[in-house]
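To start, the structure itself, in structure tokens.
In the working numbering, the protein residues as written are -12 to 222.
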């Protein structure tokens, strides 16, 4: 009699465990479905945070023109090229790895990039004008400093999609102070620094000052690196 009660107790415990596991699996599966469904229904609208959930972030794709000044397999050659360009007064950025692609400037149109390539040629720098694109991103932002991270990512995306006319857009100048005072995780420190450089770029004194466009390309390099490293859900 006692043995029967013992076995009945074991069976009850076993059934409870199966039930709990089933509920857990069902909840997890629904969570995955929710994220997937949201991801497949995103559009290329301006960078925004979905109203239904302030942690769901949508960043549209980025397309621009740049001046490619070198492709290298060895990182030492990359460093040498960056140093050489810096001595001549140009700020370059590494856009890809394996191979390493080095470029200068970011522009909305091909004509502006061609104008910069002519200036580079005068300094003895061979450049190839090319179009660059980066896909739209969609993911959840959780954890500490969520609002600050969202602000940095959305503002960076907006500036990258509209490189502007060699100067900081007026609407972006309005949020400079909020970016300065915001705290963000250490992983986003370099992106924030690049963003601050863009927002504080002095207005161009003439048509041949491409400081802003060079800073924009540096912002793109940091944006691409941090989003590629931490976020894998892409539309």
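Yeah, the Cβ is synthetic: ideal placement off N, Cα and C, and Gly gets one too.
Nothing here was measured: the structure is a model prediction, and the numbers come from that model.
Look at residue 116 here: in three-state DSSP terms it is strand. Per DSSP, residue 145 lies in no beta strand (DSSP E) segment; the continuous alpha helix (DSSP H) that holds it begins and ends at 133 to 148.
For a cut-off of 8 Å, the C-beta gap from residue 62 to residue 87 is around 7 Å, short enough to register as a contact.
Residues of the same chain with a CB within less than 7 Å of the CB of residue 150, apart from the 5 flanking positions on each side, are 51, 93, 94, 95, 200, 203 in chain order. Scanning its chain for C-beta atoms nearer than 7 Å, with the 5 sequence neighbours on each side dropped, one finds around residue 116 the residues 52, 54, 97, 100, 101, 104, in chain order. In the three-state DSSP reduction, residue 197 falls in the coil class, being neither helix nor strand.
For residue 131, the closest of 147, 91, 175, 107 by C-alpha to C-alpha distance is 175. Residue 143 counts as buried, since at least 16 other C-beta atoms from the protein chains shown sit within 10 angstroms of its C-beta. Using a 10 angstroms sphere on the CB of residue 168, the tally of other CB atoms stays under 16, which defines it as exposed.
Here DSSP, grouped into helix, strand and coil, assigns residue 45 to strand.
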